[in-house]
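Here's the structure we're looking at; comments come further down.
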Amino acid sequence: MSDTLIQQGTDLMLFGMGSVLVFLTLLVIATVFMSGALNRWFPEAEPPVERKGRSSSASASSAAQVDKKKLAIIKAAIEQHRARRR
Amino acid sequence: MSDTLIQQGTDLMLFGMGSVLVFLTLLVIATVFMSGALNRWFPEAEPPVERKGRSSSASASSAAQVDKKKLAIIKAAIEQHRARRR
Amino acid sequence: MSDTLIQQGTDLMLFGMGSVLVFLTLLVIATVFMSGALNRWFPEAEPPVERKGRSSSASASSAAQVDKKKLAIIKAAIEQHRARRR
Amino acid sequence: MDNFIRLWQESGINQMEWGTFTMILVGLLLLFLAIRKGFEPLLLVPIGFGCIMANIPGAGLAMSAAQQAIDVGGAKVLADLAEVFGVAANTSADELLKLYKSASATELAAAHKVALDYGYANGMIYTFYQVAIGSGVAPLVIFMGVGAMTDFGPLLANPKTLFLGAAAQFGIFATIMGAVGLSASGLMDFSIADAAAIGIIGGADGPTAIYVSSILAPDLLGAIAVAAYSYMALVPLIQPPIMRALTSHSERIMKMEQLRPVSRREKIVFPIVLLVLVALLLPSAAPLLGMFCFGNLMRECGVVERLSDTAQNALINTTTIFLGLAVGSKLAASSFLDSKTLGILLLGVIAFAIGTAMGVLMAKFMNLFVRHKINPLIGSAGVSAVPMAARVSNKVGLEANPQNYLLMHAMGPNVAGVIGSAVAAGVMISMVSAM
Amino acid sequence: MDNFIRLWQESGINQMEWGTFTMILVGLLLLFLAIRKGFEPLLLVPIGFGCIMANIPGAGLAMSAAQQAIDVGGAKVLADLAEVFGVAANTSADELLKLYKSASATELAAAHKVALDYGYANGMIYTFYQVAIGSGVAPLVIFMGVGAMTDFGPLLANPKTLFLGAAAQFGIFATIMGAVGLSASGLMDFSIADAAAIGIIGGADGPTAIYVSSILAPDLLGAIAVAAYSYMALVPLIQPPIMRALTSHSERIMKMEQLRPVSRREKIVFPIVLLVLVALLLPSAAPLLGMFCFGNLMRECGVVERLSDTAQNALINTTTIFLGLAVGSKLAASSFLDSKTLGILLLGVIAFAIGTAMGVLMAKFMNLFVRHKINPLIGSAGVSAVPMAARVSNKVGLEANPQNYLLMHAMGPNVAGVIGSAVAAGVMISMVSAM
Amino acid sequence: MDNFIRLWQESGINQMEWGTFTMILVGLLLLFLAIRKGFEPLLLVPIGFGCIMANIPGAGLAMSAAQQAIDVGGAKVLADLAEVFGVAANTSADELLKLYKSASATELAAAHKVALDYGYANGMIYTFYQVAIGSGVAPLVIFMGVGAMTDFGPLLANPKTLFLGAAAQFGIFATIMGAVGLSASGLMDFSIADAAAIGIIGGADGPTAIYVSSILAPDLLGAIAVAAYSYMALVPLIQPPIMRALTSHSERIMKMEQLRPVSRREKIVFPIVLLVLVALLLPSAAPLLGMFCFGNLMRECGVVERLSDTAQNALINTTTIFLGLAVGSKLAASSFLDSKTLGILLLGVIAFAIGTAMGVLMAKFMNLFVRHKINPLIGSAGVSAVPMAARVSNKVGLEANPQNYLLMHAMGPNVAGVIGSAVAAGVMISMVSAM
Ligand code: NA
Ligand code: NA
Ligand code: NA
């Protein structure tokens, strides 16, 4: 039994690790191919920006110099607003 | 069988469409009656405004002329605020 | 049967109410002991403030004097911002 | 033409019976009370709506597949079901329904399969009931959410207010005696389990009442839940006269010491202490108080804000919707339009009144001993009915002395009352099961 | 070495059959349409993804434990299953699968237990299907959320637009005749239940279509759901030519009276009136319309904002995710790659076209009688497909007259169409069950 | 008086056994680690609390109805259960419990019905376990949420970091050999399924570990989950010494090229490519990676923001709460207080160490070939433990060179490690099931 168990463990290790390596290697190849194909044949017209739903983060960084005091006031306002909504 | 099937389909069409028409006709009558009764016997004192929980949308439209720059700053602030909360 | 029922009810009342009183008395003792132990051996360095995740409420109250007009503008901006996100 | 006749036969008007019609009116009344009068709308809107839906004649929304098969099935279906219950093939539908209600788990499973084979399916609200209440999960999840919304600060600042929460639970046990008395005198017919479930109305705590009655008296669940939530909404009417009658003006104007600040650590450790105490002493209260403490620990520990937020919002709201609809399914004419319901409504208000009185009296009694006197008006908050009862204490206090803000002081007994009724629930479930 | 051979034998490529491969392409196509073309992405992204997952060869994600046991089990498993179905021990897997599909509830339960004992488990998406669709709950919960998002204001301001919503449902019934005709002429083989389920595509309402087909024709559910959502997305292409063909320029430029303001009370009472009418007349439509009215009442009553918010957000989103994946499980090669699917796709577009036409014609017909004329362009919105169809009415109106904003006017028939198709669904389920 | 005796007999203190008491302390320790030390609190707070609740003596919260019947039932109950299992009526409770644990699905169903008939019900946490973990759904839903929170950008910008994620999975397989070795040497008694489940701790991925052990070794699930989450929290202690030992100063200060921008389309197509690859090659990994890809597609496709938000918030939080409590139910004294747990804790830390080392060594190995050199410090992030391991890479990098920000570079192998361990999980489940 213990002999078989070690055999089973070895099998699991060799074929398991092998599968992981093979699969991820294929994934690397597929990914490289995909990126190449997309950037070659379907390039995005615009420079790769964040997508619409999150575009606000762009303005966030551009406006990162919003002064701290203003931010505190706005936060307070938001909290008040929320508190009232409840 | 196919004769019966057509018979069944016809039944379904006639009685089904009939039921839809009858039901929605009754609904029209009931709705007209309800609106009349409510507006006559239980008129709302105040003019029919949006309910409390959403009144903020009113102020939103009234202040729609908030200038765009201010809005950008505020949005940025909100994003910062949210990002920090995470 | 009705005799037994009354007997059962009386049992339930006496032992039930007894258990509630005993349990809550033990809870009072345990709570007093816990508070004493914590405040004696593990006092919090800082004065007991609200915890971090809600500290914004502190700034909210400190900035409670944010003038109403500003708040209205900000609320409007938030609404616009949300409406656009949808 | 046959089709129209069949549609008409199937239509609600034709099948409507007097009781069903009355129950739809009851549902409309509950909606009116909830929407127009503000009676605990979060629960009574779904309950009222569920009540109407459950009583739509011919829709069978509150029936299991087997109940529908019995209700509308033909001779062949009934014969097959009769075989399941081991009775003659020509047993009447009414008789089968009785057998179904007292059937063993094995018979129920077999009857369900027969019904499925004949194309019947569980009604929508029946499914909600099984999943939400039959499993016991929904009241517990709501209790977790309530725990996540509860601030034990005022209680920790003044732990002796726990005694007020304990005393007010006498409303529960006095009501049990009342129900038993009605039964013994032959006016009603309550079993000891029924009596215990009715008593829990005095706990003034919705999920606890639903949890207890789902275990001890499922048939009365509808009436008990409606009574519990209605009287919780009526607390501002029920309590003040009792409070005024039992206190003098000088007691009512008594100011209490400001509460000491409570450290974050105390708040974190308290739910754990409570859980350990439950674990050591009262395992039967473990589901209710365990989930309550878990919710509170998530709130206070400060490291799982996102879980706490979900427990307080999406999760409790979702559960409330289905719990409410499911409670509605127990508002069927056959069980609600019964003299028992009158008894429940009567006993419920008595339970609230006695609980209120005992809370006030306990405060007066404690004042004989303690150094920092307690304004007896906060005793009434011990019935729970969070936060309504605490607000009532505050309001009656302000009437007597416009500078006397009792709200925070009353929050202590208020949450103590939640713990107290959960303890009482655990004791009762355990004792009744063994009787 | 054996291990590699086994892994290879088990791998998808080796097990892939032509049909499975095609269905994965169909799933990718659905994802493309949803993401790139904006075809009802909220449903078609989960459906497309579920389609791919359900068709992964060897994974059995859309199979029950018993189906997997039949599919991959050895001789001993098959023999045990054969015993359950009462056939010879050497019955073939294909034969057992047929028996499984027509098995009684008792046999299914027994087969499930055998499969469990051999270590098989229900596939993930099969579980989603059973919980979300098999129980009937998910479409109803989505309908509740839709109700909570629906504003009946425009309908209440102009109740006669309900007739437009009624007329457009003729698309449903005409399509039934079409399906029956195809079947009678021997081109396809639809039962009357199939025909009714296909017809409901004309209702242009996703959850209604899924609900009806889950009851009447579960095998066709995948194709019907895909057709319904796809054509809803194609409404801006399908409707305008029909609308232009049936209306004159002078009709299209017709301006409608501004809608009167609707009071909050009307909005609160309307869902209750609708529910009572359903209760009295059409119990078979009670699940769909009941949940719809419940959602709307939560929205309008103003006292349960938090329940309404959850119904409109966390709850409907969660349900949509699992509903979509579950629908994908019905996109198996064996049922989708069938001439029936072509028939469904063909009949579906006809249903939309007829519904559109009847809505427009009904508006013109009503204009013969009513004082405040109706622009016939809003008739097409009666098919529902909320809010797409109303936008189409608006757009075609603006083309004819750049000052003519029909959007709010079209919202009336638009939501009327939702009620109309739910009514039709109830009638059909009731009638077909009795046939 | 009898009542008090009974209450006392029933109380926790009286029933408390040494093991149960220890497990409550373990639960308190987990809460302490989670709240005070910040050990993965989102999971360890619910797990710790669930552990305490599951071990409340006499409450039976983690027991099925049948287990409770066996545990506390009288002679008649035991005789009926004995009949179900086909043994003599006077079989002891311990013996029945053993039979129950190895019973067939048919026997389990019958035993459940007997228990129901005697008034026993499934314990609360047992129900949570069945619904959340027994069905396999909760870990998958969490994986979907994790997918919706994962940004594959850094991985797509530098796909060869996938190799680092692959190499680090050697920790899994080396640990299997360790467990097998312990077993073969007679020190412990692990089956091959146990060994595989223990190995998955090295995957450093909570939901994967729970999913695998729920299938392969449910009895060890509690210990495995605790070990996995604890070591994930200890990553900042475990990894740095290994990383420093295996790298030279000049390697650690190596700056990497800035990552190229990744287009939105690449991010949308990547989860689909991954899913297709899984479908073609590794169907056994389909549930885990399928849900992961689905979550990620919802995030990236940009047209189902509301579904993605729900998957990242309400849905994953709700699931986490119940998953955590359910895991706690597997922390019963009988299974946790066993030398196996020591083995698991020991092997777990070895798994993390080997995974870390292999990731670093693979990076050094790759540097022999590739043009754009890789800082070996990001190799350690290949174990996953997102985002902790990536932060550790960054921190150790900054120690060597205060200008060297590795965080974004380390995110690539970090998410690659998630894919890698899900692949390993699929392979192991498939291979072990066939052994
Ligand atoms: Na109470
Ligand atoms: Na429609
Ligand atoms: Na990993």
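Residue numbers (the numbering used here), protein chains in the order written: chain A, 1 to 86; chain B, 87 to 172; chain C, 173 to 258; chain D, 259 to 693; chain E, 694 to 1128; chain F, 1129 to 1563. The beta-carbon is built from N, C-alpha and C at its ideal position, and this holds for glycine as well. Nothing here was measured: the structure is a model prediction, and the numbers come from that model.
### Query
Helix, strand or coil: how does DSSP classify residue 358/D here?
helix
### C-alpha gap between residue 440/D and residue 993/E, whole angstroms
43 Å
### Query
When the cut-off is 7 Å and only beta carbons count, does residue 16/A lie next to chain F?
yes
### Task
Count the C-beta pairs between the segment 321–328 of chain D and the segment 301–311 of chain D that are closer than 8 Å, then say yes if the count reaches three, no if not.
no
### Query
For the alpha helix (DSSP H) that residue 691/D lies in, which residues bound it at each end?
665–692
### Task
For the alpha helix (DSSP H) holding residue 1049/E, just list the boundary residues, first then last.
1032–1059
### Task
Would you decide whether residue 275/D is buried or exposed? Buried here means 16 or more other CB atoms lie within 10 Å of its CB.
exposed
### Task
Would you identify the three-state DSSP class for residue 1259/F, choosing helix, strand or coil?
helix
### Task
Helix, strand or coil for residue 512/D, going by three-state DSSP, please let me know.
coil
### Query
What span of residues does the alpha helix (DSSP H) with residue 518/D cover, start to end?
Where residue 518/D is concerned, there is no enclosing alpha helix (DSSP H), given that its DSSP letter is neither H nor E.
### Task
From the DSSP output, in three-state form, read off residue 1522/F for me.
helix
### Task
Out of 1190/F, 1561/F, 1514/F, state which residue places its alpha-carbon closest to the alpha-carbon of residue 1361/F.
1514/F
### Task
Whole angstroms is fine: what's the gap from residue 57/A's alpha carbon to residue 731/E's?
Legend: pLDDT at residue 57/A = 37, less than 50; position of this residue unreliable, no value from coordinates given.
### Message
Would residue 1415/F pass as an interface residue toward chain E - the criterion being a Cβ-Cβ separation below 7 Å?
### Response
yes
### Task
For residue 181/C, go through chain D and note every residue whose CB falls closer than 7 Å to its CB, in chain order.
434, 435, 438, 450, 453
### Task
Say whether chain E places a C-beta atom closer than 7 Å to the C-beta of residue 382/D.
yes
### Query
Hey, how far is the Cα of residue 914/E from the Cα of residue 1019/E?
10 Å
### Cut-off 8 Å between Cβ atoms - residues of its own chain near residue 500/D, not counting five sequence neighbours on either side
611, 614, 615, 618, 638
### Task
Spell out a yes or no on whether the segment 1005–1020 of chain E and the segment 832–846 of chain E are touching, meaning 3 or more CB-CB pairs, one atom from each, closer than 8 Å.
yes
### Query
Enumerated in chain order, which unbroken segments of the alpha helix (DSSP H) with a length of 4 residues or greater are wholly contained in the segment 1304–1364 of chain F?
1320–1327, 1334–1344
### residue 1085/E to residue 726/E span [Cα, whole Å]
20 Å
### Message
Between residue 832/E and chain F, is the shortest Cβ-Cβ distance under 7 Å, so that the two count as touching?
### Response
no
### Task
Using 6 Å as the cut-off, classify the Cβ of residue 233/D as near or not near the heavy atoms of ligand 1, replying yes or no.
Outside the modelled stretch of chain D, which goes from 259 to 693, sits residue 233/D, for which no answer is possible.
### Message
Below 6 Å, is the gap between the Cβ of residue 544/D and the nearest heavy atom of ligand 2?
### Response
no
### Message
Looking at chain D, is there any beta carbon in it that lies within less than 7 Å of the beta carbon of residue 938/E?
### Response
no
### residue 566/D, enclosing alpha helix (DSSP H) - first and last residue
563–570
#### Entry: Near ligand 3: residue 972/E beta-carbon under 6 Å from a heavy atom
no
### Partners in chain B for residue 959/E, counting only beta-carbon separations shorter than 8 Å
120, 121, 124, 125
### Message
Out of 1550/F, 1560/F, 1554/F, 1557/F, which one is the CA nearest neighbour of residue 1275/F?
### Response
1550/F
### Query
Below 7 Å between beta carbons: does that hold for residue 446/D and residue 601/D?
yes
### Message
Is it the case that the segment 964–981 of chain E contacts the segment 809–822 of chain E, given that we only count it when at least three CB pairs across the two stretches are under 8 Å?
### Response
no
### Query
Can you tell me whether DSSP reads residue 43/A as helix, strand or coil?
coil
### Query
Does the distance from the C-beta atom of residue 1210/F to that of residue 544/D stay below 7 Å?
no
#### Entry: Segment limits, alpha helix (DSSP H) that includes residue 716/E
711–729
### Message
I believe residue 1125/E touches residue 909/E by the beta-carbon criterion, under 8 Å. Please report the beta-carbon distance rounded to the nearest angstrom.
### Response
6 Å
### Message
Taking 6 Å as the cut-off, is the beta-carbon of residue 638/D closer than that to any non-hydrogen atom of ligand 1?
### Response
no
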